[in-house]
Structure formats: C-alpha cells, structure tokens
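Visitor: In the numbering used here, the protein residues as written are 1 to 199. Every residue gets a Cβ at the ideal spot worked out from N, C-alpha and C, and that includes glycine.
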Amino acid sequence: MKCIFCVVFTFIATAVYGQMPKEGAGKAINPSIPVLPDTVFRVIHLDQSVKLKNQNLAVFVNDQFAGNIPVAGIPPQQIESLTVEHKKIQMKGIDYEHQLYIKTKSTYKPNLISLSDLKSKYTDLRNKPAVFSIDGEVCTSDYSEYFIDESNLLRIIIDRISDKKEKTNIVLIKILSKNPENIKKVKQIRIRGQEAYSR
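Below, the structure is given as structure tokens:
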C-alpha cells in the first residue's frame with residue numbers, strides 16, 4: 001500500500017507542480033541565512049482543515065468514484081494502470097481539478113468500503129469517536145471519504161488508549177491489509193499465543 005501512495009503522489013506532484021517556477025529561482029543564495037540540516041529537531045503542527053480544503057484530487061477505481069484519497073489496501077500487483085487527468089469535474093457537489101483513475105486487473109475485483117461504513121460494520125463504536133490507522137499510518141482524512149479495499153483486509157484491531165494524568169481516552173482502530181509484512185507479523189503473533197480480531 002505504501003508503494004502505491006509513493007508512486008501516485010510522486011507522479012501527481014510532478015505532473016501538477018513540476019513545471020511551476022520555484023520561488024527564488026535564478027537568485028543567489030544568501031550566505032547570511034543559516035541552512036538547517038535535516039537532522040535538527042523540530043516540532044511541526046499540521047492544520048488538517050487547510051489540508052482538506054486544498055485537496056482537489058478525485059479518485060476513481062474501475063470508474064467508481066472513491067473520494068479524494070488514493071484507495072488503501074489494493075495490492076500493487078493487482079493494479080493494471082494508473083492514469084492522471086487534469087480537468088475540472090464536480091462530484092457530490094465538490095469541484096476537483098485533477099482525477100486519478102486506478103484500473104485493476106480483470107481477475108481482481110476490489111470491494112470498496114469507507115472507513116465510516118467499516119466502523120459501523122465491524123465494531124460497536126457507531127457513534128463513538130475513534131482514530132484509524134492503516135498499516136501503521138494514522139488516517140487524518142474524512143472517514144466517509146477514505147475508501148479501503150475490504151477484500152484485502154487481514155485484521156481489524158480495536159485498541160483503547162487511556163491516560164488518567166492527561167485525561168484522555170482514545171479508541172484506535174488498527175487496520176492491517178494483506179501485505180507480506182503484515183502476514184509475517186500475524187504469523188509471529190500466533191506463535192506467541194496471541195490473536196487479534198479476524199474477519
């Protein structure tokens with residue numbers, strides 16, 4: 001799944017922003033401004049509202065609209081083609097400037113489900129707040145617009161994280177897809193005598 005995200009976002013970033021002039025292009029670098037190395041410790045605050053507002057990519061899987069995030073869980077070896085188009089379209093009242101078309105091989109039929117629907121189907125947390133992580137990465141998008149391939153799920157693990165001092169009580173829904181790394185980990189857990197919720 002991480003491979004798909006890397007390939008897709010690299011392709012889109014290159015296609016969309018690759019021809020834009022860089023700020024400061026052709027200017028000499030000011031030697032009085034210190035350049036910090038990548039190893040310097042920093043705290044970075046992300047504004048998710050700005051992130052969601054600036055998303056303008058519509059994703060389609062086998063011509064089915066699948067929100068504005070590349071669909072998680074589709075095995076890379078089952079993807080026949082990825083196509084990016086740059087034209088304005090409107091889906092569900094939202095304007096999109098770019099489209100990503102994912103076509104899977106004819107032998108593979110993904111079963112798309114949103115994280116919101118997945119939460120209702122597999123947990124008893126319907127109206128309770130929860131945080132999703134997919135293959136170790138926390139999902140920071142609109143759960144009703146984030147689709148995953150249900151036929152490629154390996155485990156759903158419900159983890160409750162609480163801290164009395166911080167007065168926090170968070171439900172974490174960990175989703176594991178059927179990638180080789182996750183399958184190997186699940187086999188190791190089974191050997192130690194532990195088992196997570198299985199479909």
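Please state whether the Cβ-Cβ distance between residue 144 and residue 174 is less than 8 angstroms.
Guide: Here residue 144 refers to the residue found at position 144 when the sequence shown is read from its first residue. Here residue 174 refers to the residue found at position 174 when the sequence shown is read from its first residue. Taking 8 angstroms as the Cβ cut-off, residue 144 and residue 174 do not qualify as a contacting pair.
Visitor: Let me check one thing: in DSSP terms, what residues is residue 78 bridge-paired to?
Guide: Position 78 of the sequence shown holds residue 78. Answer is none; residue 78 lacks a bridge partner.
Visitor: So what does DSSP say about residue 166, is it helix, strand or coil?
Guide: Looking up residue 166 in the sequence shown gives position 166. DSSP places residue 166 in coil when its eight states are reduced to three.
Visitor: Under a three-way DSSP split, which group does residue 133 fall into?
Guide: Start at 1 with the first residue of the sequence shown, and residue 133 comes out as number 133. Here residue 133 sits in strand by DSSP.
Visitor: Using CA atoms only, rank isn't needed, just tell me which of 148, 42, 163 is closest to residue 75.
Guide: The count along the sequence shown starts at 1 and reaches residue 75 at position 75. Of the listed residues, the one whose Cα sits closest to residue 75 is 148.
Visitor: Note the first and the last residue of the continuous alpha helix (DSSP H) segment covering residue 115.
Guide: For the purposes of this step, residue 115 is identified with residue 115 of the sequence shown, where counting begins at 1. It spans 115-122 - the alpha helix (DSSP H) in which residue 115 sits, taken as one unbroken run.
Visitor: Taking the CB atoms as reference points, tell me whether residue 101 and residue 60 lie closer together than 8 angstroms.
Guide: Position 101 of the sequence shown holds residue 101. Position 60 of the sequence shown holds residue 60. Their beta carbons are under 8 angstroms apart, which means residue 101 touches residue 60 by this criterion.
Visitor: Leaving aside the five residues before and after residue 65 along the sequence, list all residues of the same chain whose C-beta is less than 6 angstroms from its C-beta, in chain order.
Guide: Numbered from its first residue, the sequence shown carries residue 65 at position 65. The beta carbon of residue 65 lies closer than 6 angstroms to those of 91 in the same chain, with the five residues before and after it left out.
Visitor: Work out the CA separation of residue 37 and residue 124 for me, nearest whole Å.
Guide: Residue 124 sits at position 124 when you count from the first residue of the sequence shown. Residue 37 sits at position 37 when you count from the first residue of the sequence shown. Rounded to whole angstroms, residue 124 to residue 37 spans 47 angstroms at the Cα level.
Visitor: Report the rounded CA-to-CA distance for residue 23 versus residue 86, giving the unit in angstroms.
Guide: As a position in the sequence shown, residue 23 is number 23, starting the count at 1. As a position in the sequence shown, residue 86 is number 86, starting the count at 1. Residue placement at residue 23 is flagged as unreliable, the pLDDT there being 49, under the threshold of 50; a coordinate-derived value is accordingly withheld.
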